[in-house]
Amino acid sequence: MISEKMLALGTKRSVIREIFEYGNRRKAEIGAENVFDFSLGNPSVPAPPIVTETLNDLITNTPAAKLHAYTTAAGDLGVRTAIADYLNATYRADADPQKIYLTVGAAASLTVSLTAIICEGDEVIVLAPFFPEYNVFIRQAGGTPVVVSCPAPDFQPDPAAVAAAITPNTTAIIINSPNNPSGVVVSEDSVKALCAVLEAKQKEYGHPIYLIADEPYRELAYDGLDVPYLTKYYNNTLVCYSFSKSLSLPGERIGYILVSSKAEDADNLYFAVCGAGRSLGFVCAPALFQYLIPACLGQTADVAIYKQNRDTLYNNLTKMGYTLSKPQGAFYLFMKSPMADTDAFCEKAKKYELLIVPGADFGTPDYVRISYCVSPEMIERSLPAFESLAKELNLGE
Ligand code: PLP
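Position in the sequence shown counted from 1, then plus 7, gives you this note's numbering.
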């Protein structure tokens, strides 16, 4: 018999994907240059040259028997050591190679981490706005997502609201900073306040409440802003990292989980991560891309292009009368829907070939997401369309 649960997941397209597919049909009809597709978070900036250089070197100089062979389930120890050294030198993270587990991207890092810590009846707090796949990842692990809204317009977490949402069944909270879809970087003050709440609740309930740091956008922060490294603030932390966005390698599927060596019962927590990876089949991440990592740590695609895109969009759209939260990182702009019906607004935007994503699936129905990991030229070409849309809605008057 087919699993009803999986059938539903496989047949129900995400709204983002639906808009993207619509965009592809529209591009075929009227030409790609006439469609302004802000739907997906697919990095548009090429991977830095070090990626191609290192891959060429690996392919030329590594014996095939090693290059294409299985590594240990958790990933090659040399690679894990390089990651730990980098994290310790950069963030004083207290990272231990024996507490790192290589995965196929942040999605796998999250599913493995959640599977490692969720027991029957457990709840996981997600902060809205959030990456919609959290719902899927938490539920597949047997948990229940509990949504706590971050107040507009700055979307920093609200520690009192988090405290009120924690119950004896809370096993974890996911923090995603820089955030998809708001672009917000969680400030050090917010981190400290949240961690104080978590510490107090752990004491009250007598069991760990894990902090899962979802960090695929860590290096995409603008204006010199620091993104606090969460193992420094809270011991029961698991960092879910991915090279998808920092190196523009989303299709290669490579990332890792760092279990804080200061976590309670850290050895067993890590073993549970290894067990979850094993049970989900996420063992031995792609070997070639594991071996790529040491040379690329601390390197990024040219994020200045994303910053330029952010500035062009933010400055122009604000002038046109749209209400925006200025993103501090990632490559998403969060806009308050100028119409009470956000879906209707996104439909109206389609009239001008503007493809933007309504916020309901992110837990913020009054907002829309504009993904600006696109070419600067497309952004320039899209401005008259945004202007016409603003005029039709009488914005800025
Ligand atoms: N977490 C967030 C917040 C994301 O935006 C994404 C991808 O867009 C992921 C996790 C998954 O990343 P990956 O492609 O590395 O699996």
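Glycine residues also receive a C-beta, built at the ideal position from the N, C-alpha and C atoms.
Buried or exposed (CB count within 10 angstroms, at least 16 for buried), residue i
| i | result |
| --- | --- |
| Phe138 | buried |
| Ile9 | exposed |
| Glu259 | buried |
| Lys106 | buried |
| Gly207 | The residue you asked about is not Gly; residue 207 is Ala in the sequence shown. So Ala207 ends up on the exposed side. |
| Asn242 | buried |
| Pro334 | buried |
| Glu130 | buried |
| Asp368 | buried |
| Phe278 | exposed |
| Ala39 | exposed |
| Leu14 | exposed |
| Gly284 | buried |
| Glu77 | The displayed chain sequence assigns Tyr, not Glu, to residue 77. Exposed is the call here. |
| Arg32 | exposed |
| Ala4 | Because the chain is modelled from 8 through 404, residue 4 falls outside the range shown and cannot be assessed. |
| Asp4 | Absent from the model: residue 4. The displayed extent of the chain is 8 to 404, so no value can be given. |
| Ser197 | buried |
| Ser378 | buried |
| Asp44 | buried |
| Ile37 | exposed |
| Pro175 | exposed |
| Pro6 | Outside the displayed range of the chain (8 to 404) lies residue 6, so it cannot be described from this structure. |
| Gly370 | buried |
| Gly403 | exposed |
| Pro365 | buried |
| Leu227 | buried |
| Arg376 | buried |
| Ile90 | buried |
| Gly288 | exposed |
Those residues which DSSP pairs with residue i across a bridge
| i | result |
| --- | --- |
| Asp16 | In the sequence as presented, Asp is not what sits at residue 16; that position holds Leu. Leu16 pairs with nothing; no bridge assigned. |
| Glu408 | With the chain running from 8 to 404 in the structure shown, residue 408 is simply not present. |
| Pro365 | Val375 |
| Asp44 | Leu362 |
| Lys343 | Tyr374 |
| Ala135 | Ser156 |
| Val246 | Ala220 and Leu265 |
Proximity test, Cβ basis, 8 angstroms: residue i and chain B
| i | result |
| --- | --- |
| Ala102 | Reference to chain B is not applicable here, since this structure consists of a single protein chain. |
Residue i Cβ short of 7 angstroms to the ligand ZN heavy atom set
| i | result |
| --- | --- |
| Cys303 | Inclusion of the ligand ZN in the displayed structure is not the case, the ligand content consisting of the ligand PLP alone. |
>> List, from N- to C-terminal side, the beta strand (DSSP E) runs of 3 residues or more that fit wholly inside the segment 172-240.
In response: With a minimum length of 3 residues, the continuous beta strand (DSSP E) runs that stay inside the segment 172-240 are 177-183 and 217-221.
> Is the segment 141-159 in contact with the segment 172-191, if contact means three or more CB pairs nearer than 8 angstroms?
Replying inline: Yes: at least three Cβ pairs fall under 8 angstroms.
> Taking contact to mean at least 3 C-beta pairs separated by less than 8 angstroms, is the segment 335-347 in contact with the segment 187-204?
Replying inline: Two segments are said to touch when three or more pairs of C-beta atoms, one from each, lie closer than 8 angstroms; by this definition the segment 335-347 touches the segment 187-204.
> Taking three-plus beta-carbon pairs below 8 angstroms as touching, is the segment 76-95 in contact with the segment 114-123?
Replying inline: Touching, no, given that fewer than three Cβ pairs across the two stretches are closer than 8 angstroms.
>> Can you confirm whether the segment 381-397 touches the segment 303-323 when touching is taken to mean that 3 or more C-beta pairs between the two stretches lie within less than 8 angstroms?
In response: Contact holds: three or more Cβ-Cβ distances are below 8 angstroms.
> Taking a cut-off of 6 angstroms, which residues have a beta-carbon closer than that to any heavy atom of the ligand PLP, in chain order?
Replying inline: By the rule of a C-beta closer than 6 angstroms to any heavy atom of the ligand PLP, the residues picked out are Gly48, Gly112, Ala113, Ala114, Phe138, Asn183, Asn187, Asp221, Pro223, Ser249, Ser251, Pro257 and Gly262.
>> Restricting to runs no shorter than 4 residues, where is the alpha helix (DSSP H) found entirely within the segment 70-121?
In response: You should have 71-74 and 84-98.
>> Across the segment 315-335 and the segment 205-222, are there enough close Cβ pairs to call them in contact, namely three or more that are closer than 8 angstroms?
In response: Touching, no.
> Are there three or more Cβ pairs, one per stretch, closer than 8 angstroms when the segment 251-265 is compared with the segment 50-58?
Replying inline: Taking a cut-off of 8 angstroms for Cβ pairs, the segment 251-265 and the segment 50-58 touch, as three or more such pairs fall below it.
> What residue ranges within the segment 295-360 form continuous beta strand (DSSP E) runs of no fewer than 3 residues, ordered along the chain?
Replying inline: Within the segment 295-360, the complete beta strand (DSSP E) runs of at least 3 residues are 339-343.
>> When you compare the segment 170-184 with the segment 200-217, are there three or more beta-carbon pairs, one atom per stretch, that lie closer than 8 angstroms?
In response: Using a C-beta cut-off of 8 angstroms, the segment 170-184 makes contact with the segment 200-217, since at least three inter-stretch Cβ pairs fall below that distance.
>> Assess contact between the segment 345-354 and the segment 101-118, defined as three or more Cβ pairs (one per stretch) separated by less than 8 angstroms. Is contact present?
In response: Here the segment 345-354 does not lie against the segment 101-118, with fewer than 3 beta-carbon pairs under 8 angstroms apart.
> Are the segment 134-150 and the segment 298-308 in contact at 8 angstroms, needing three or more beta carbon pairs?
Replying inline: Segments in contact, no.
> Do the segment 357-373 and the segment 55-73 touch if we need at least three Cβ pairs shorter than 8 angstroms?
Replying inline: The segment 357-373, when compared against the segment 55-73, does not touch it at the 8 angstroms Cβ threshold.
> Do three or more CB pairs link the segment 79-88 to the segment 284-303 at distances below 8 angstroms?
Replying inline: With the rule of 3 Cβ pairs closer than 8 angstroms, the segment 79-88 counts as touching the segment 284-303.
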